[in-house]
Amino acid sequence: MRPFWLLLVAGAWAARVFAQTTSEPRTPPPAAPAAAVPLTLAQAHAIALQNHPQIAAATYQAQAQQQVYLQARSGLLPQITAFGDAVHADSDNTRLMAGGINNPSVFSRTAIGAGLVQLITDFGHTTNLAASARLQASAAEQNSLATREGVLLQVDQAYFAALQAHAIESVARQTFDTRQLLLDRVSVLAENKLKSDLDVSFAQVALEQARLLVQRAENDVDSSLATLSTVLGYREQRNFTLADETAVPVPANADVQPLVDQALHDRPELAGLRDERDAAQHLALSFRDARLPTISALVTGGNSPSHDARLPANYSAGGIQVSVPLFAGGLYEARQHEAELRARVAAESLRTVEDDISRDVRVAWLNLNNARQRLRTNQQLARYAANAYQLADARYRVGSSSIVELSQAQLELTTAQIDETTARYEVLLRESDLNYQIGATARATPGPAEPRPDPNALP
């Protein structure tokens, strides 16, 4: 009976497992990772300029400000209006209508016509108002260029950070392979009683440390690709094969002052602030001129198909209108003083940004020089560490040193290789930052900016 019960239990367990596997939905296999897309730095710049939302928002802002200028300029152009009236008056008593000082007369009529008003002069009010709006549009365009250069700097930083992460991952994998070979060799020697188990333990510890280094490097690669994808304007992470375009060295600048002068001349933020300062000055002039007379020409004409017998069939009139503001409760003076004060605020803000940019250029120049010095030192250190590791490995092979000395040499070599890789890409990042600070993008020159308009040369 005992074998029978064992078979019965085994059959029931198998039936239960079969029922679970057939009733529960199977988890689909994980999707294969997307193929890596080759990407150069120039292509990354082009993608970011096309996809990044900050660039699009800044472009739309500049276009909207251009429409504000067109609104202000419209006051200098003729204003043509079409009219159409259909009025029924019960009697001549409509001349008693209240609502005005004049004595109105309303006649029954149906009339159509048009009127034209052309500003002759308002002694600079509209002209300065349009000039202020045009300078504001130019400032918005300069801010759009500044946003573009800032995004390109972010692309450089993300691109070089991804290259650095890939390079460190390569070093980590090479270290792991080297320590795996060491463990295999020490294990064979220990089995033949040529090395102790302590050596095997040290080799195993070194291998696991290399495994941790590889895992951390793989995570850094994924993080850098996620950052790069976001900077390029993608919501989801993309997989790229990056081209290492770091072979051409950038010559060092012996003096920082020419770079400061270039930054003060070329930075779009400063150009935008200068336009805002000039726009505030023209706005103040416009409010000052608002107290002066306004002279306009008026022309109107039309036809009345049906009308009171006392009215003519056609009508036309023309004249010159002069408007002189006499008193507005201090409105014009307050507006002028407000605009003048805001112009002074813009001028002081410009000085502050100029000082900050001068400082940033000097700091970026110092950081670049320091990064170049550190790169040379790390390259030399990596060569010495490689020589030390080769000597330590040879000594361990002949049995004249312990595995502790070899492990220490491996660790110093790995650290030196990682430091050299980090220093190499640090130089590229500092070069990109310095080029941004002086208003010249390192490896993707922005399109030519439109010439700054003359605020007094209005169409």
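Residue numbers for the sequence shown follow my numbering, so the first one is 597 and each next one is one higher.
Cβ atoms here follow ideal geometry from the backbone N, Cα and C, with glycine treated the same way.
Asked                                                                                                                           : Found
A627 versus L821 - alpha carbon distance                                                                                        : Note that A627 scores 47 on pLDDT, short of 50, meaning its location in the model is unreliable and no value can be drawn from it.
Cβ pair count under 8 Å reaching 3, the stretch 818-832 against the stretch 701-719                                             : no
Contact set for A935: own chain, Cβ-Cβ below 7 Å, skip 5 residues either direction                                              : A876, L879, A880 and F883
Pick from S734, R1026, A638 and N647 that is closest to D874, judged by C-alpha positions                                       : S734
Reference A682; option with closest CA among A707, Q663, Q667 and I676                                                          : A707
Reduced DSSP category for H641 - H, G, I as helix; E, B as strand; rest coil                                                    : helix
C-beta contact flag for I764 and A813 at 7 Å                                                                                    : yes
Close beta carbons around A685, own chain, < 7 Å, minus the five adjacent residues each side                                    : V702, F703 and S704
Spatial distance of Q753 from L1024 (CA atoms)                                                                                  : 9 Å
Backbone secondary structure at V1000 - three-state DSSP                                                                        : helix
Beta-carbon contacts of A943 that lie in its chain and below 6 Å, excluding the five residues immediately before and after      : R873
Where P864 falls, given that 16 or more other Cβ within 10 Å makes a residue buried                                             : buried
C-alpha distance - Q675 paired with S892, whole-angstrom precision                                                              : 11 Å
Beta bridge counterpart(s) of R705 as assigned by DSSP                                                                          : V683 and H903
Residues sharing a beta bridge with V918, DSSP                                                                                  : I891
Per DSSP, the bridge partner or partners of L838                                                                                : L635
Residues sharing a beta bridge with A913, DSSP                                                                                  : T896
Contacts around N963, its chain only, beta-carbon distance under 6 Å, and the 5 residues preceding and following it disregarded : R1026
As assigned by DSSP and simplified to three states, the class of I1034                                                          : coil
A678 in three-state terms, based on DSSP                                                                                        : strand
Residue span of the alpha helix (DSSP H) that contains R873, given as start and end                                             : P864 to D885
Cβ distance (whole Å) where A990 is taken to contact Q1013 below 8 Å                                                            : The Cβ separation is near 20 Å, so there is no contact.
Rounded Cβ spacing between T771 and L809 (contact assumed at less than 8 Å)                                                     : 6 Å
Three CB pairs or more closer than 8 Å across the stretch 640-653 and the stretch 736-745                                       : yes
Environment of S1028 [buried if 16+ CB atoms lie within 10 Å]                                                                   : buried
Segment contact, 8 Å Cβ cut-off, at least three pairs: the stretch 949-958 with the stretch 903-913                             : no
7 Å Cβ cutoff met for A786 and D793                                                                                             : yes
Which listed residue (Q667, L749 and T948) has its alpha carbon closest to that of I1034                                        : L749
Inter-residue Cα distance where the pair is R1020 and L987                                                                      : 26 Å
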